[in-house]
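**Student:** Right, I'll just put the structure down here and ask away after.
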Amino acid sequence: MENEQSPSATTAIRGAVLTYMGDAFLDGIDSTMRYESDAIVAMKDGKITHFGPAKDVQAQLPAGTQVKQYGKDQLILAGFIDCHVHYPQTQIIGAYGEQLIDWLNKYTFVAEQQFADKQHASDVAKVFLKECLRAGTTTPMAYCTVHPQSVDAYFEEASALNMRTIAGKIMMDRNAPDALTDTPKGGYDETKSLIDKWHGKGRNLYCVTPRFAPTSSPEQMEMTGAVCNENPGTYLQSHVSENRGEVAWVKELYPDLKGYLDTYDHFKQLGPRAVYGHGIWLSEEELQRCHETGTAIAHCPTSNMFLGSGHFNLKNAKDPKRPVRVGLATDLGAGTSFSMLQTLNETYKAAQLNGNKLSAGEAFYLATRGTAQALYLEDKIGSIGVGMEADVIVLDLKSTPIIEYRMRYCQDLEEALFIQMTMADDRAVQDTYVAGKLLYSRPQQNYA
Ligand code: GUN
Ligand code: ZN
Numbered sequence: 001m002e003n004e005q006s007p008s009a010t011t012a013i014r015g016a017v018l019t020y021m022g023d024a025f026l027d028g029i030d031s032t033m034r035y036e037s038d039a040i041v042a043m044k045d046g047k048i049t050h051f052g053p054a055k056d057v058q059a060q061l062p063a064g065t066q067v068k069q070y071g072k073d074q075l076i077l078a079g080f081i082d083c084h085v086h087y088p089q090t091q092i093i094g095a096y097g098e099q100l101i102d103w104l105n106k107y108t109f110v111a112e113q114q115f116a117d118k119q120h121a122s123d124v125a126k127v128f129l130k131e132c133l134r135a136g137t138t139t140p141m142a143y144c145t146v147h148p149q150s151v152d153a154y155f156e157e158a159s160a161l162n163m164r165t166i167a168g169k170i171m172m173d174r175n176a177p178d179a180l181t182d183t184p185k186g187g188y189d190e191t192k193s194l195i196d197k198w199h200g201k202g203r204n205l206y207c208v209t210p211r212f213a214p215t216s217s218p219e220q221m222e223m224t225g226a227v228c229n230e231n232p233g234t235y236l237q238s239h240v241s242e243n244r245g246e247v248a249w250v251k252e253l254y255p256d257l258k259g260y261l262d263t264y265d266h267f268k269q270l271g272p273r274a275v276y277g278h279g280i281w282l283s284e285e286e287l288q289r290c291h292e293t294g295t296a297i298a299h300c301p302t303s304n305m306f307l308g309s310g311h312f313n314l315k316n317a318k319d320p321k322r323p324v325r326v327g328l329a330t331d332l333g334a335g336t337s338f339s340m341l342q343t344l345n346e347t348y349k350a351a352q353l354n355g356n357k358l359s360a361g362e363a364f365y366l367a368t369r370g371t372a373q374a375l376y377l378e379d380k381i382g383s384i385g386v387g388m389e390a391d392v393i394v395l396d397l398k399s400t401p402i403i404e405y406r407m408r409y410c411q412d413l414e415e416a417l418f419i420q421m422t423m424a425d426d427r428a429v430q431d432t433y434v435a436g437k438l439l440y441s442r443p444q445q446n447y448a
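Sequential numbering from 1 applies to the sequence shown in the working numbering.
If you want it as structure tokens, here you go:
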């Protein structure tokens, strides 16, 4: 007998669904976007078991399955994916006045020292993951700190929620406070033992995490490439070409290499599942190299704006002649919002500043399946389909009085989506399901 308490019960929801197949940037929106005005999504044992028009699916559900009905102003989507975020920086979002290197020294490196204390790390991880769920983000790809205990704390909290997540210990052996540095061998050994402990355990995936080329010596860069390549299936994350001063500094530190991306290429840190934050100032040759190697760029528009770093050119990166994998990311705490809707708002504005347009159809693809594709996870997360992991969110399309008012004049789906990405935020997230379980439900809102 199916019932709500049993772990193997079917959870079924009914309403309008938006999802994607294929690659919306390469194949076009018309052939990749799927909208069902009245669909059922059924979930069991963490996976989606049924999806399709309600009239077809209803009869296929196990006898006695209760179907939760959503309203005409709600939209069911795959959970958002944030492919570059620093959970230890939750406590410094909105730190005033500096650009990248001064911001790191003045705020970030001070806050990160507190993560030597595992209890502090666990407390922050809890807040961080709860905020992700409130914002509809079901998969964060997170930086921890140099302390292995900051990684244990993070994966323990994520495991308690059964979230799919990717994370790793930062490695730094220079140009940072002593309390935040490791050594080439120490960083290698700690990373290796964290991989053994966490990679592939439940829904956790490990990410080898050299912070960025300026904080690693050539010896550490060598060992970083080695530990990643010796452990197939792991991820690698770092930062590249975020700030013009930073790019010049890397040239001084690595004068014999071709440029910033080459510091990673030289030490065998490019390839599938390598994800680099920002990439604003990458040259055409460097973008070509990302394309050839299958390396992804994390587009972090709220952070790029906040630190005055510049505007990543998404359209150029996706040029069909040599498309680069690009995922969407908050980059908190330099990023200013957990909300991927607000991140899309800034993605649109960055595109405008580059003289380009980003359609709402492309934007919602980017925040879901597009980022899954950048992470080589599109067979698991980022879209709604039978066999996919059951990370699903429900948006309220009239989440504030002014959005409700604006929606009265809305003509079609594209406009409705564009209004959401321009005006909405975490308040639009009605429900968040993780592995088929309802983990967040927005409290009743009372607007007079
Ligand atoms: N570059 C190196 N570390 C960081 C970081 O923590 N945040 C951002 N935005 N850029 C970085
Ligand atoms: Zn970052």
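C-beta atoms are modelled at their ideal positions from N, C-alpha and C, and glycine is treated no differently.
Tell me, please, whether the CB atom of residue 103 is closer than 8 Å to any CB atom in chain B?
**Tutor:** Absent from the structure is chain B; it holds one protein chain and no more.
**Student:** Taking residue 228 as part of the alpha helix (DSSP H), name the residues at either end of that continuous run.
**Tutor:** Looking up residue 228 in the sequence shown gives position 228. Run containing residue 228: 218-229, per the alpha helix (DSSP H) assignment.
**Student:** Would you tell me roughly how many angstroms separate the C-alpha atoms of residue 42 and residue 178, rounded to the nearest one?
**Tutor:** Translated into positions along the sequence shown, residue 42 becomes position 42. Translated into positions along the sequence shown, residue 178 becomes position 178. One C-alpha to the other measures close to 51 Å.
**Student:** Alpha carbon to alpha carbon, how far is residue 4 from residue 48?
**Tutor:** As a first step, residue 4 must be located in the sequence shown, where it is residue number 4. As a first step, residue 48 must be located in the sequence shown, where it is residue number 48. At residue 4, the pLDDT of 47 sits below 50, so the modelled position is not reliable; the number obtained from the coordinates is stated separately. About 16 Å.
**Student:** Report yes if the C-beta of residue 299 is less than 7 Å from at least one heavy atom of the ligand ZN; otherwise report no.
**Tutor:** Looking up residue 299 in the sequence shown gives position 299. Checking the Cβ of residue 299 against the ligand ZN gives no.
**Student:** Excluding the five sequence neighbours on either side, which residues of its own chain have a C-beta within less than 6 Å of the C-beta of residue 166, listed in chain order?
**Tutor:** What you label residue 166 is simply residue 166 of the sequence shown in a count that begins at 1. Result list for residue 166: 141, 205, 207, 235, in chain order.
**Student:** So residue 90 and residue 332 are in contact, right, with Cβ under 8 Å, and what is the actual spacing, rounded?
**Tutor:** On the sequence shown, position 90 is the one that residue 90 refers to. On the sequence shown, position 332 is the one that residue 332 refers to. The pair is a contact, with the Cβ atoms about 7 Å apart (cut-off 8 Å).
**Student:** Name all residues in chain order for which at least one heavy atom of the ligand GUN lies closer than 6 Å to the residue's CB.
**Tutor:** With the cut-off at 6 Å, the residues found are 86, 100, 104, 108, 211, 212, 239, 242, 303, 331, 334.
**Student:** Is residue 311 helix, strand or coil by DSSP?
**Tutor:** As a working mapping, residue 311 is identified with position 311 in the sequence shown. Residue 311 falls in the coil class under three-state DSSP.
**Student:** Measuring only the C-alpha atoms, how far is residue 374 from residue 296?
**Tutor:** The residue given as residue 374 occupies position 374 in the sequence shown. The residue given as residue 296 occupies position 296 in the sequence shown. Distance between the alpha carbons of residue 374 and residue 296: 6 Å.
**Student:** Taking just the CA atoms, how far does residue 78 sit from residue 382?
**Tutor:** By 1-based counting over the sequence shown, the position of residue 382 is 382. By 1-based counting over the sequence shown, the position of residue 78 is 78. Cα to Cα, residue 382 sits roughly 5 Å from residue 78.
**Student:** Applying the criterion that 16 or more other CB atoms from any shown protein chain within 10 Å of the CB defines a buried residue, is residue 308 buried or exposed?
**Tutor:** Against the sequence shown, residue 308 aligns to sequence position 308. By the neighbour-count rule (16 or more Cβ atoms within 10 Å), residue 308 is not buried but exposed.
**Student:** Please list the terminal residues of the continuous alpha helix (DSSP H) segment that includes residue 488.
**Tutor:** The requested residue 488 does not occur in the structure, where the chain is confined to residues 1 to 448.
**Student:** Measure the C-alpha to C-alpha separation of residue 68 and residue 13 and round it to an integer number of angstroms.
**Tutor:** Numbered from 1 along the sequence shown, position 68 holds the residue referred to as residue 68. Numbered from 1 along the sequence shown, position 13 holds the residue referred to as residue 13. Their backbone Cα atoms lie some 5 Å apart in a straight line.
**Student:** Is residue 277 near the ligand ZN, with its Cβ less than 7 Å from a heavy atom?
**Tutor:** As a working note, residue 277 is residue 277 in the sequence shown. Under cutoff, so the answer is yes.
**Student:** Nearest to residue 428 by CA position, among 440, 435, 434, is which residue?
**Tutor:** Here residue 428 refers to the residue found at position 428 of the sequence shown. Considering only alpha carbons, the answer is 440.
**Student:** Once the 5 residues before and after residue 74 are set aside, which same chain residues still bring their CB inside 8 Å of it?
**Tutor:** Sequence index remark: in the sequence shown, residue 74 carries index 74 (1-based). Cβ neighbours of residue 74 beyond the five flanking positions: 15, 16, 394, 395, 396, 397, 430.
**Student:** Where does residue 321 sit, in a helix, a strand or coil, going by DSSP?
**Tutor:** The residue you call residue 321 lines up with position 321 of the sequence shown. DSSP places residue 321 in coil when its eight states are reduced to three.
**Student:** Run the CB neighbour count on residue 316, radius 10 Å, all protein chains shown included, and call it buried at 16 or more, exposed below.
**Tutor:** The count along the sequence shown starts at 1 and reaches residue 316 at position 316. That one is exposed.
**Student:** Check whether the Cβ atoms of residue 279 and residue 240 sit closer than 8 Å, and answer yes or no.
**Tutor:** Taking the first residue of the sequence shown as position 1, residue 279 is located at position 279. Taking the first residue of the sequence shown as position 1, residue 240 is located at position 240. Against a cut-off of 8 Å, the Cβ pair of residue 240 and residue 279 comes out as a contact.
**Student:** Using the Cα positions of residue 391 and residue 435, report the straight-line distance between them to the nearest angstrom.
**Tutor:** Counted from its first residue, the sequence shown places residue 391 at position 391. Counted from its first residue, the sequence shown places residue 435 at position 435. Going from the Cα of residue 391 to the Cα of residue 435 covers about 5 Å.
**Student:** With a threshold of 6 Å on Cβ separation, who are the neighbours of residue 95 within its own chain once the five nearest residues in sequence on each side are excluded?
**Tutor:** Here residue 95 refers to the residue found at position 95 of the sequence shown. 107, listed in sequence order.
**Student:** Only counting the same chain, and skipping five residues up and downstream in sequence, which positions put a Cβ closer than 6 Å to that of residue 282?
**Tutor:** Numbered from its first residue, the sequence shown carries residue 282 at position 282. Closer than 6 Å at the Cβ level, and outside the excluded window around residue 282, lie 241.
**Student:** Can you name the start and end residues of the beta strand (DSSP E) that residue 277 belongs to?
**Tutor:** Stepping through the sequence shown from its first residue, residue 277 is reached at position 277. It spans 274-278 - the beta strand (DSSP E) in which residue 277 sits, taken as one unbroken run.
**Student:** I need the boundaries of the alpha helix (DSSP H) containing residue 100, first residue and last residue.
**Tutor:** In the sequence shown, the residue the question calls residue 100 occupies position 100. From DSSP, the alpha helix (DSSP H) with residue 100 extends over 100-103.
**Student:** For residue 205, which of helix, strand or coil comes out of DSSP?
**Tutor:** The residue labelled residue 205 in the question sits at position 205 within the sequence shown. Correct three-state label for residue 205: strand.
**Student:** Excluding the five sequence neighbours on either side, which residues of its own chain have a C-beta within less than 6 Å of the C-beta of residue 246, listed in chain order?
**Tutor:** One-based indexing of the sequence shown puts residue 246 at position 246. 100.
**Student:** With DSSP as the reference, please indicate the residues paired to residue 127 in a beta bridge.
**Tutor:** By 1-based counting over the sequence shown, the position of residue 127 is 127. Bridge partners of residue 127: none, in fact.
**Student:** Does any heavy atom of the ligand ZN sit closer than 7 Å to the C-beta of residue 84?
**Tutor:** What you label residue 84 is simply residue 84 of the sequence shown in a count that begins at 1. Yes, Cβ of residue 84 sits closer than 7 Å to a heavy atom of the ligand ZN.
**Student:** Assuming residue 56 is part of the alpha helix (DSSP H), what are its boundary residues?
**Tutor:** Along the sequence shown, one-based indexing puts residue 56 at 56. From DSSP, the alpha helix (DSSP H) with residue 56 extends over 54-57.
**Student:** State buried or exposed for residue 97, treating a residue as buried only when at least 16 other CB atoms are found within 10 Å of its CB.
**Tutor:** As a first step, residue 97 must be located in the sequence shown, where it is residue number 97. Exposed, because fewer than 16 other Cβ atoms sit within 10 Å of the Cβ of residue 97.
**Student:** In the structure shown, what three-state DSSP assignment does residue 501 receive?
**Tutor:** No answer is possible for residue 501: it lies beyond the span of the chain, which begins at 1 and ends at 448.
**Student:** Rounded to a whole number of angstroms, what is the C-alpha to C-alpha distance between residue 442 and residue 329?
**Tutor:** Taking the first residue of the sequence shown as position 1, residue 442 is located at position 442. Taking the first residue of the sequence shown as position 1, residue 329 is located at position 329. In a straight line, the C-alpha of residue 442 is about 23 Å away from that of residue 329.
**Student:** If you run the structure through DSSP and keep just helix, strand and coil, what is residue 193?
**Tutor:** Looking up residue 193 in the sequence shown gives position 193. DSSP places residue 193 in helix when its eight states are reduced to three.
**Student:** When DSSP labels each residue in this structure, what does residue 290 get in the three-state scheme?
**Tutor:** As a position in the sequence shown, residue 290 is number 290, starting the count at 1. Helix at residue 290.
**Student:** Sorted by chain position, which residues of the same chain lie with C-beta nearer than 8 Å to residue 407's C-beta, five sequence neighbours on each side aside?
**Tutor:** Counted from its first residue, the sequence shown places residue 407 at position 407. Within the same chain, residue 407 has close Cβ partners 73, 397, 398, 416, 419.
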